[in-house]
Amino acid sequence: MKVVDLRSDTITRPTPSMRRAMADAEVGDDVFGEDPTVNRLEEMAAERLNKGAALFVASGTMANLVSLLVHCGRGDEVILGDRSHTFFYEQGGSAGLGGIHPRTLPNKPDGTLGLNAIEEAIRPDNIHFPRTRLIVLENTHNRCSGNPLTPQYMKDVGEMAHRNGVKVHVDGARIFNAAVSLGIDASELASEADSVSFCLSKGLAAPVGSVVCGSHDFIDEARRARKVLGGGMRQAGVLAAAGIVALTEMVERLAEDHDNARRLAKDLTGAEGLSVDTENVKTNIVYINIDNNDISSNDLAERLSREGVLLLPTGPKQMRAVTNYHITANDVEHAAVVIRNEMNNC
Ligand code: TLP
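Mapping the sequence shown onto this note's numbering, position 157 (from 1) lands on 220, and the numbers just tick up by one.
If you want it as structure tokens, here you go:
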């Protein structure tokens, strides 16, 4: 049976050119700073995001955690969106492991936080209050339609934060999707950020890894934080080699994933018992709402999986489809037909 796996872009497998680069990678002990391939990836990433230095880490979750641990001490406060990945999906790691106090603000549907709302949430100096150290923005915003946040908004938040003595971390797990969708360079989205992370193992199809970028001082501290979390990876060049291919060969093609996501949303428009916010599909993520009272997202996911279409339940009545390197235009057309048929039979 044909299987169309739309659960996430994390399911992508390494490309043939990545596998070759991994097999041929020159390696050394990265904890000693001696892995030439890791060093090359880190230099490339820093240059790409126009930051002083970069650090290869095991995952997007580790990238965010390391960044928060460097920016905030125990009892310090971080401002972040209530639908952000860091707040929603990372086990509260920054509170659990770093004693960092989360202050959530409502994400608007486009993934932004109100500029005034952020400024009002920054604490004045008062013995009763935690100290606000950091604002986290997510770009693209996973749980807000995969929306790309504009360079102007990123800059406005950065300038306001710095006026108030607060730092900014950008969870740019899919920052290259944002950049491709907006037709700009990813560095423009991080020009005011004190740190920015991105994932190699999502739409860019590398098997493992994320990169955190920031100043030299920030990365020195991030390297310590990575080590204490058990993330010193030794001959990690075999992984970094795939990351280099991801950065050099896989960024521009993300536009195809965005086209396919739009196609899927369009093909599902008007489907029985479903609604899709087609207007807001700007990158590779499509949210599908179930309006039919008789079926839950888990039930529908189960029924569709029997027909070879895999979607991710993201709420009791919400499913997510994410296009990626392995998904063709024909695949999304086929998936839409299967989903429509299933809904007609509900
Ligand atoms: N997101 C995953 C799941 O955890 C939901 C996905 O399938 O989308 N930041 C953002 C914005 C993310 O979407 C993710 C992963 C992460 C961080 C964490 O990355 P990993 O999975 O590498 O720890």
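Each residue gets a CB set at the ideal place from its N, CA and C atoms; glycine is no exception. What you are looking at is a predicted structure, and each value in this text was computed from that prediction instead of being measured.
Residue environment analysis places phenylalanine 192 among the exposed positions, since fewer than 16 neighbouring C-beta atoms fall within 10 angstroms of its C-beta. When DSSP states are grouped into helix, strand and coil, arginine 403 belongs to the helix group. Under a 10 Å Cβ-count criterion, histidine 148 is classified as buried, with 16 or more other Cβ atoms of the shown protein chains found around its own Cβ. The continuous beta strand (DSSP E) containing isoleucine 198 extends over residues 195-201.
Between the alpha carbons of valine 259 and arginine 82 lies a distance of about 27 Å.
For threonine 75, the CB contacts under 6 Å within the same chain, skipping 5 residues up- and downstream, are Ala268, Asn387 and Tyr388 in chain order.
Inter-segment contact for the region 93-105 and the region 282-297 is present: three or more beta-carbon pairs are separated by less than 8 Å. Between phenylalanine 239 and valine 339, the CB-CB gap reaches or exceeds 7 Å. Beta-bridge annotation (DSSP): proline 376 is paired with Met382. Only residues of its own chain outside the window of five on either side were considered, and among them Tyr350, Ile351, Asn352, Ile353 and Ser360 have a CB closer than 8 Å to the CB of glutamine 381, listed in chain order. The beta carbon of methionine 85 sits closer than 6 Å to the beta carbons of Val301, Ala304 and Ala305 from its chain, once the five residues preceding and following it are set aside; these are given in chain order.
With 16 or more other CB atoms across the displayed protein chains lying within 10 angstroms of its CB, proline 211 is buried. For glutamate 140, the three-state secondary structure derived from DSSP is strand.
Alanine 249 is not a Cβ neighbour of valine 233, given a cutoff of 7 Å. Of the candidates Tyr152, Glu153, Cys207 and Gln215, Gln215 places its Cα closest to the Cα of leucine 178. Here DSSP, grouped into helix, strand and coil, assigns histidine 397 to helix.
Between histidine 204 and glycine 174 the beta-carbon gap is near 3 Å, inside 8 Å, which marks them as a contact.
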